[in-house]
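So the sequence lines, in the order shown, correspond to chains A, B and C. Take the first sequence: its letters are residues 1 to 335, numbered as in the numbering used here. Take the second sequence: its letters are residues 1001 to 1094, numbered as in the numbering used here. Take the third sequence: its letters are residues 2001 to 2261, numbered as in the numbering used here. A virtual CB, placed ideally from N, CA and C, is assigned to each residue, including glycine. Remarks on the structure that follows.
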Amino acid sequence: MYAQQIKTGARRLKSLAEMEPQERAFQEHVDAGSKIEPKDWMPDGYRKTLIRQISQHAHSEIVGQLPEANWISRAPTLERKAILLAKVQDEAGHGLYLYCAAETLGISRDQMLEQLHNGQAKYSSIFNYPTLTWADVGMIGWLVDGAAIMNQVPLQRCSYGPYSRAMVRVCKEESFHQRQGYDSLIKLCRHGTAAQKEMAQDALNRWWWPALMMFGPPDGESVHSAQSMAWKIKQNTNDELRQKFVDQTVPQADYLGLEVPDPDLRWNDARGSYDFGEIDWEEFHRVLGGDGPCNRQRLEDRVRAWEDGAWFRDGLMAHANKKADQKSLGRADAA
Amino acid sequence: MMSEWPLWEIFIRGQHGGSHRHVGSLHAPDAEKAILNARDVYTRRNEGVSIWAVRAGDITASAPGDKGPLFEPSNSKVYRHPTFFDIPDDVGAM
Amino acid sequence: MDAPPHANRTHSNDALFAYTLRLGDNCLVLAQRLSAWVGHAPALEEDIAVANVALDMVGQAQLWLALAADLEGQGRNADDLAYGRDAGAFRNLLLVEQPNGDYAKTLMRQFLFDAWHHPMLVALAASSETRIAEIAAKAAKEAAYHLTRSRDLVVSLGDGTGESHDRMQAALATLWPYTGEMVLADPVDEALAVTGAAPDLATLAAIWSDAVGATLTEATLVRPADGYAQRGGKQGVHSEHLGYMLAEMQFVQRAYPGGTW
């Protein structure tokens, strides 16, 4: 997902009986469905895991601006241009809400950006794929935002108050993102020319598998996943969400008249779900590890924006300091 | 590089009256720009008609450890709630 | 003109078409420039803010170009005008097509334009042409905010660090020759001013000059001397930059003719 493979620092799950009183009180609070707030006591692992998860989520929003921003200048109508601008702007907003939520845990935004820029922090693997045609923009809205929503809706109930509140805002704003993508694909596939439909099929061929990888590898016996679920900062397993996504998305592809690029995809009556083919996890790990088609380009873009913008941020801060000095001088004179 | 832009807490009063409500935070070099940034970040969907920006560092918060002494004593003041009092039906609405 | 005068169009419609095209093209070209910063701006808050300005400008372009298309009466719509014309048929000011450069240049271009655009729209809100007045009244509110923001940033960065000051001063020097065109009246401007459809540009020149002068002083920036004013955008003679911008902007429409988007 936007936060993939988050480590919790846990070796095994502790039972309530094994916990010190403070931690037990914390866990009981979480178990009761109550929220943890910034100044509340929390286990060190909880804090660190949240910082990792929320900052990775935020980085994904910020880096996630880039593949779609790549098409703002070439959006084929003025209305599509406006919609895409608004959508990519929303991603920046979501990154901002999330960075602020992480800041309540005692890390600054600049520190988090430093971790992104030096490669220490990760962001979602999906944004390391290129947007090659206009149809890719629709595909990102439909598949990538569709997958993201599936993960973000349950996160609104996550145990950490600031994260949960940020997700409420994000989900409210995201509701149009998937729809605008699908709407644009309806135009290409059902109202467009043969060449446009071909463009959409090509985009689906390239985005389908990376979209399924967004949910992360099967949780299996992962202690991190179990710990995150005990802390209620993760609500469903990766495979649960992936299955839900496939079940929801395949009929939508049918409506568009597009073929999902998976020869093993078929409806399973007994399960009431779609069976689907094996995901290439080697590709996932390679892309997450830095060797996707666009990793270097995406990071370079972000680093350049940050470095080229230093004079701007410093200039405004210097001016603000000058004004503050003048004000306090004025106050001293008056006294 | 200089110090990071300070953090501001943003409060917005919506279209239909009511009080200012905390909507989130942002970074800005000074108060004026905090207001402008808040307009761009937090009112993209026509959410507000008035913005307050407060330096995050200027907010004094109650300590979570004081939750008991601060808030629990009011639990027992049941007579502050209208349902505490039985008014005979004959009296009518009150 | 990009199209020969049509037999059943009045002269005044020609002038109105040309005029609304200018207003729309300014917005469209500037929106296209600004949107290149989305995802690349110097701070997250600024990224969101610049996208807002770009969005306002796309919206205004849609309104003006729809009106222009209607006045033209050739069955074209706003998108046809945006995506179907070559550079020579664009009527925007040279200022707005100037490349983004560093963020200082982008901001300075924005301020120099806003300081003209806002009073222009306020004046147009009182236009004798109702449809122009309606669009201008809506756009003027957006432009007022753009000006507040760009003015504030020019002052802060001019009076910020040595580097921010130098960058703003350099941007000002580069852009100054393109500011004169905004207030240089040609026959189209004059024809509309006579009927009260558009403001007298001489009046606007004074407003612009005062506002810019005061801001530059506050920003501790030196106002460049007025030399020759580069011109031609309003008549369709552009810089080399516009062709590349349109090649990119119009690429999808041209590669997939007859598509539905």
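Segment contact, 8 Å Cβ cut-off, at least three pairs: the region 159-177 of chain A with the region 192-205 of chain A: no
Which bits of chain A does residue 2020 of chain C rub up against, with CB to CB less than 8 Å? The contacting residues do not exist; residue 2020 of chain C stays about 15 Å from chain A at best.
How close, in whole Å, do the beta carbons of residue 58 of chain A and residue 112 of chain A come, if the pair is a contact with beta carbons under 8 Å? 7 Å
Okay, do the region 295-303 of chain A and the region 57-72 of chain A touch, 3+ Cβ pairs below 8 Å being the bar? yes
Look at the Cβ atom of residue 41 of chain A, then the Cβ atom of residue 134 of chain A, and state whether they are nearer than 8 Å. no
Using DSSP with H/G/I as helix, E/B as strand and the rest coil, what is residue 24 of chain A? helix
Does the CB of residue 1059 of chain B have a neighbour CB from chain A at under 8 Å? no
Do three or more CB pairs link the region 2173-2185 of chain C to the region 1008-1020 of chain B at distances below 8 Å? no
Proximity test, Cβ basis, 8 Å: residue 72 of chain A and chain C: yes
Check the Cβ-Cβ distances between residue 1023 of chain B and every residue of chain C, and say whether any is below 8 Å. no
So is residue 2056 of chain C in contact with chain B if we call contact Cβ pairs under 8 Å? no
Buried or exposed (CB count within 10 angstroms, at least 16 for buried), residue 182 of chain A: buried
Inspect the beta-carbon positions of residue 81 of chain A and residue 177 of chain A and report whether they are closer than 8 Å. no
Please classify residue 275 of chain A: does DSSP put it in a helix, a strand, or coil? strand
Report buried or exposed for residue 1094 of chain B, applying the criterion of at least 16 other Cβ atoms within 10 angstroms of its Cβ. exposed
Residues within the region 2150-2165 of chain C neighbouring chain B, beta-carbon criterion of under 7 Å: 2152
Relative to chain B, which residues along the region 2033-2049 of chain C have a C-beta separation below 7 Å, given in chain order? 2045, 2048 and 2049
Using a threshold of 8 Å, state whether the C-beta atoms of residue 60 of chain A and residue 15 of chain A are closer than that. no
Please list the partners that residue 1033 of chain B has in chain A, where partner means a Cβ-to-Cβ separation under 9 Å. 316 and 320
When you check each C-beta in the region 268-283 of chain A against every C-beta of chain C, which residues fall closer than 7 Å? none
Rounded to whole angstroms, what's the CA-CA distance from residue 312 of chain A to residue 2146 of chain C? Just pull it up for me. 18 Å
C-alpha distance - residue 264 of chain A paired with residue 95 of chain A, whole-angstrom precision: 37 Å
Report yes or no: is there a C-beta of chain A within less than 8 Å of the C-beta of residue 1052 of chain B? no
Span of the alpha helix (DSSP H), counted from its first residue to its last, around residue 88 of chain A: 78-103
Same chain only: Cβ atoms within 7 Å of residue 2253 of chain C, ignoring 5 sequence neighbours per side: 2083
Since residue 209 of chain A is in the alpha helix (DSSP H), which residue starts that stretch and which ends it? 194-213
Excluding the 5 residues preceding and the 5 following residue 2010 of chain C in the sequence, name in chain order all residues of the same chain whose CB lies nearer than 6 Å to its CB. Interpretation of residue 2010 of chain C is limited by its pLDDT of 47, a score under 50 that renders its predicted location unreliable; the figure taken from the coordinates is listed afterwards. So no residue of the chain qualifies.
8 Å is my cut-off, CB to CB: does residue 2013 of chain C come that close to chain B? no
Roughly how many angstroms separate the alpha carbons of residue 2159 of chain C and residue 2165 of chain C, rounded to a whole number? 6 Å
What residues in the region 133-167 of chain A have a beta carbon less than 7 Å from any beta carbon of chain B? none
Can you say whether residue 2032 of chain C is buried or exposed, counting buried as having 16 or more other CB atoms within 10 angstroms of its CB? buried
Identified DSSP bridge partners for residue 1011 of chain B: B/1022 and B/1052
Can you tell which of A/331, A/327, A/315 and A/284 has its C-alpha closest to the C-alpha of residue 126 of chain A? A/284
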